[in-house]
Each structure stands twice: as structure tokens, then as C-alpha cells.
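Just so we're aligned, residue 1 is where the sequence shown starts under the UniProt record's numbering, counting upward by one. Presented below is the structure to which this report refers.
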Amino acid sequence: MADLSQNSMDATDRVSLDQRALEMEQAQLLFDRARSSAVSVFALVVMFSFIMAFVIGPYKAGVWFIIASAMIAVTIAQPRLFTPPGITSANTQTYLLVHTVISGITGAVWGIGAAWMADPDVLISVYTGVVMVLTITLGGISPQSAFRRSYVALATMTMLPFAAWILFAVPWPVNANGIGVVVAYAFFMAVSARVEIGTRDLIAAKRNIELTDELRRQRDAVQKANEEKTRFLAATSHDLAQPLHAQGFYLSALRAKTQDADALALIDKVSESWRSLGQLLDGLVEINRLDAGAVVPNLAAIDLRSHTERVIHGFEGIASQKNIKLSVKGADVSVTADAALLSRVIGNLLSNAIKFTPDGGQVSVYWSVGGMKARLTVNDTGGGIPPEALNSVFDEYVQLGNPERNREKGLGLGLSIVRRLTDLMGVTATLTSTPGQGTQAILEIPLAAEAAELTADVEKLVSKDRQRISSLKVLIVDDEEAIRLSMSEVLTSWGCEVYCTDGRDDVIEFLDRMDATPDVIIADHRLGSHTDGSYVIEKVRGELNDVVPAILMTGDSGLTLSNEEGEATQLLFKPIDPVALRTALLASWSAKPKTD
């Protein structure tokens, strides 16, 4: 509930801020238009004063001219009197309020002034008053549209008093014009509302353009700063590496020249400091190389078990110093990754796990296979990570439990390097943690193409079996090109006639293009989101009106065949040994006559 309330308050604050910003823009438009609007109104005052002077005499026309001109002067002076520094967030409300009051008074001068000057018995003076009222109200729509309340004040004080005067002071039928003025007032209100919406949209569009430009400038500035940082780190790393390299040799030489125990202890401390500085520099260099795009992964099939065991072996000494038990568990599986980069990633995760696990704790590495990925987990029994920090720990220079920035605890680049390296290899890295119980670092690594296994052990096939299946027409349906190609190569070497499709196109059209009838179908169970192997097999059988023998390949250990499928379909679980595939082909074809 507290979170909901806070979110509601944040949303309200944002709306309030947007409203204030919009009102500032409206006030600025009124401020900018004040002088030009006043000049236009003054021209109308002069024109109607002359007309009324000829119609009803110079006295009333002159008095009205002076009052109307005074209001124009107030309108011109208002921006300077009330807002010497211009429109600001502090004076926006005051400016709009004063402008609305001035507009209302101006409207009264025109509406009541027209009624005061016009003679009910002189028809031309009444119609001149109507024209005066309609002109100032209609003319005010555009300049006053920036802030509708100001226009409403002008139109209301102009038209309604004059309409009331016509209705009650002017004889019939001329007083019917009062109804027309009221109708015009309603129309002008509707138009002004639409004009204000359009003005607000223009203001919003202008603000969006300004924000976009500002974001673009900030993006360019950040990109420039990042490029400069990369160049600086490259130059600094190189310049620091040379003296550090020399210092290492000097320390080694100095140690060989002394036998004094105190001096040796001091040299050991200096050497430890030198090694720490070297490690920090290595981290900076690696981040720099990654940001500069200098690291290009060499992806290949890797045996995850042997690779991980080698990495763990390098940490056994550090773990034993803290009496931390290291364990590894997982089935034999091949993954696609860069061997060196994957070692660096697992090493960084292990280093963090050991660092934050107390003496006598446990760090375990285990993995399982799901879908087309191996899920490797580095689990520790440390203090854990607060939930709010799980995302930020992958950022550069972020360290938990090191507010004093003790350099012996590193720079906070380890997980940042992990994120960059995993992104390069197409590996997903995530963290889960329970404060007080430990942290799990999880890597989801793509499996190596299972078809690589099909090229092994072909030599074990006997020539008798080769001749028995040499005439088979085999349809392979798999959405992985590497699997199609490698299986096709193996089956072709056995003498089979092979046809391959990824299953995305219509299989019936593919059969027409084959210009042959398949003897056996080999289909992968998972063919993307659009279909699956079982559906393709049934579709081919239905088109050919024949129960074509089929082999369904899957990595899902829980998959079973229905009774209908089981009669003519064999289920093989990945990874598939070539001998097992050949045996399945022979079993599928055993009931069919061999064609020459």
C-alpha cells in the first residue's frame, strides 16, 4: 500500500510539474504577443471612435476613446510592471491572474462602453455597437487562445452586458439581436476551447522537440565523454604498465640482495601492494579493450565439465586458505563459447563467491541442461546481496560493503567485465540472492550443435548395413542448419539419398519439389514456434496416404509418443550417437522391400 501511495504521489507530482511548465509557456506566449495585440486593438479603438463620433456625437466617443486607450496602455505596461525579469516559474501564476483581470476590465470597457454610447432609438448606433462587440471578441480568439481563462473573461465582460442591454433596453424587433449576441458568445466559447487545445498541442510538440534535442545533445556528450574515457584509459594503462613491469623486476632483484628479516618483510608488503596495483590495472585494461571492441570471441564447442574443472582447480589454493569447500557437479555436455572468455567469466564469479563467503563456507558450481542451453550456477553461502542492488552490481566501479573504497578490495570491475564478456558470447548472466544465505550467479550458455556428434564412430558401421540402407530416401526436417548439413553428410556417406528442409516452408510444397517419395522421415521435435516434428510427420503421411517410418529427435527427456505415433515412429533422445541413428534407420526400414 505504501508503494502504491508513493507511486500515486509521484504521478501527481509529474502531472503538476507538466501543468506548471505548460502554464509558463502560455504566459510566455501572452507576454510575447502583448505589444502586437495592443497595436491591433488600438487601431480598432480609433476606427470605432470615429464611427461613433459621427453617429452619436464626439463627447461619448471621445470619453470611450480615452478609457479604451488607457486600458491599451495598461496592457502594454503590464508585462514590464509585473514581470521585470520576464516569465519565470515564480511569477507565472501572478502574471496570468493579472492578465485575466485586465482582459475582463478591457471587455467591460468595450461591452458596457458600446451600450453606453449607443442610442436605443438610433438603429445605426445599435448595430455599430453590435459590430464593436463582435469584432473585439472575435479578434481576441487568436491572441488570447494561449490562455483561455483570459479570453473567457474578455468575451464574457464584452458580450453578456451588451446582450442584456439590447434585450431589455432596445425596442422590438431590434432587441432580438441580443439573442444573436448570446448565440455568438456560445459559439466563440466553443471555438476558443478548440483553439486552446490546438495551442496546447503546439506547445507540447515544441517542448517534445526541445526535449529530443536536449536528449540528443546529452547523448552526444555522454558518447564523447565515453570515447575520451576510453582513449584516456588506453593511454594511461600503457603508460602505467611500463614502470609497473620494471618495478616487479626491481623488487625481485632487491629481495635477492638482502637477508635482513625486517627488510624482507617490508619488501613483501611492497610486493603485495605492487601486485594489487597490477590487478587493478589489468581490470582497467580489460574494460578498455572491451569498450573499444578489441575483444572478438572465437566461439567453438567446449566440454563444459572439463573446462569448468580446470578453472576451479586454479582457485583451490585461495579457497583452502579460508577453509572453503569447492564442489562441482554436472553432466557431460558441450556448449558454444570462447574458451578463454568463458574461463575469465567463471573465474570472476568464483573469485567473487570466495571473497564474500566467510571462512568454513561452501562454494558450489553445478549445471543442468534445459532446451538449447546449459544453465551453470555458481552458488555461495555468503551474506547475499540486497534486492535493490542486484541490478547495479553489474555496473562499473560498484562495490558493496566497501564505502571507504579500499583498493585492496578491487575497483568493482569484476561483474562489469562478466556482463561485457557474456554479451559478446551470447551468454545470459543473472544474479539471484537471499540476504544472509548466499548468492547464485547464473550463466545460460548455448549448447553446441548436437549434430557434431553424428560424425563420430562412423567407422563402426559394417558394410552389410551400408548396403541395406544405401537405397533409402531420407527426409530431414530440422531448423538448425548445422544439424541438417552434418546429418546430410553422414547419411550421404552411408549411401542414402537425402532431402533437407528447415520446416518453415510448407512441407507439401517441398515434397512436390523433391519429386521423390521419402522412405524415412527424420524430424526434430522442436521446430521453432510455428510447428513441431510430430505435426510435420503426420502431414507428410497424410499427403502420401502412407504410414512413412519416422524418427523423432528430441532433447526433452519427458517426451513420450502417443499410441498412434508409436507404431511407426521411433523416439531418439539427444545427443544422438551415429550408431544409434543407423540402428534406428535399419529398424524403420526393416519391413520395407529394398529397391535397386
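Where is the CB? At the ideal position from N, CA and C, for every residue including glycine.
Asked                                                                                                            : Found
Which of helix, strand or coil DSSP assigns to A337                                                              : strand
Touching by the beta-carbon criterion (3+ pairs, under 8 angstroms), the segment 184-192 and the segment 206-215 : no
Euclidean distance between Cα positions of A584 and T434                                                         : 48 angstroms
Member of V170, A337 and M71 whose CA lies at the smallest distance from the CA of L421                          : A337
Coil, strand or helix - N175 by DSSP                                                                             : helix
Proximity below 8 angstroms, CB of P161 to CB of I124                                                            : no
C-beta atoms of I136 and W116 nearer than 8 angstroms                                                            : no
Nearest-angstrom Cα separation, counted from R255 out to D262                                                    : 12 angstroms
CB contact flag (A61, M52, <8 angstroms)                                                                         : yes
Residues that C500 bridges to, as DSSP identifies them                                                           : I476
Backbone secondary structure at K409 - three-state DSSP                                                          : Low local confidence applies: a pLDDT of 44 at K409 is under 50, so the model's placement there is unreliable, with the coordinate-based value given in what follows. Helix, per DSSP.
Where T258 sits in the DSSP three-state scheme                                                                   : coil
Paired residues, beta bridge with P446 - DSSP                                                                    : K373
Residue range of the unbroken beta strand (DSSP E) whose run includes D329                                       : First, the amino acid is wrong: residue 329 is Lys here, not Asp. Note, K329: beta strand (DSSP E), K325 to K329.
CB of V477 within 8 angstroms of CB of D524, strictly                                                            : yes
Selected residue, minimal CA-CA separation from T377, among N348, D359 and P386                                  : N348
A253 to S273 span [Cα, whole Å]                                                                                  : 17 angstroms
Proximity of residue 599 and T75 at Cβ, strictly below 8 angstroms                                               : There is no way to answer for residue 599, as the model of the chain reaches only from 1 to 596.
CA-to-CA distance, G495 to K489, given in whole angstroms                                                        : Looking at the sequence provided, one finds Glu at residue 489 rather than Lys. Distance between the alpha carbons of E489 and G495: 10 angstroms.
Short Cβ contact (8 angstroms threshold) for D380 with G438                                                      : yes
L561 versus E543, Y535, L581 and N545, residue with shortest Cα-Cα distance                                      : Y535
Local conformation of I551 per DSSP, three classes                                                               : strand
Start and end residues, alpha helix (DSSP H) containing T531                                                     : Premise fails: T531 is in no alpha helix (DSSP H) and is neither H nor E.
Host alpha helix (DSSP H) of A115 (start-end)                                                                    : T92 to M117
Assigned secondary structure, T135 (DSSP; H/G/I helix, E/B strand, else coil)                                    : helix
Three-state secondary structure (DSSP) of Q437                                                                   : coil
Length of the line joining the Cα atoms of V270 and Q321                                                         : 21 angstroms
Proximity test, L511 beta-carbon vs the ligand GDP heavy atom, cut-off 7 angstroms                               : The ligand GDP is absent from the structure shown, which contains no ligand whatsoever.
Spatial distance of E497 from D519 (CA atoms)                                                                    : 10 angstroms
CA nearest to the CA of D303, picked from D532, N323 and S343                                                    : S343
Environment of A300 [buried if 16+ CB atoms lie within 10 Å]                                                     : exposed
Burial state of E453 (16 or more Cβ within 10 Å)                                                                 : Any reading at E453 must be qualified, since the residue scores a pLDDT of 42, below 50, and its modelled position is unreliable; the value itself is stated next. Buried, by the Cβ-count rule.
Reference A73, options M47, P58, S40 and T92, closest by Cα                                                      : S40
Cβ shell of V333 (< 6 angstroms), same chain only, five flanking positions each side left out                    : L304, V369 and A374
Contacting residues, own chain, Cβ-Cβ under 8 angstroms from L96 (five flanking each side not counted)           : E23, Q26, A27, L30, F147, R149 and S150
Candidates W165, E543, I521 and N545: closest to W589 by CA position                                             : I521
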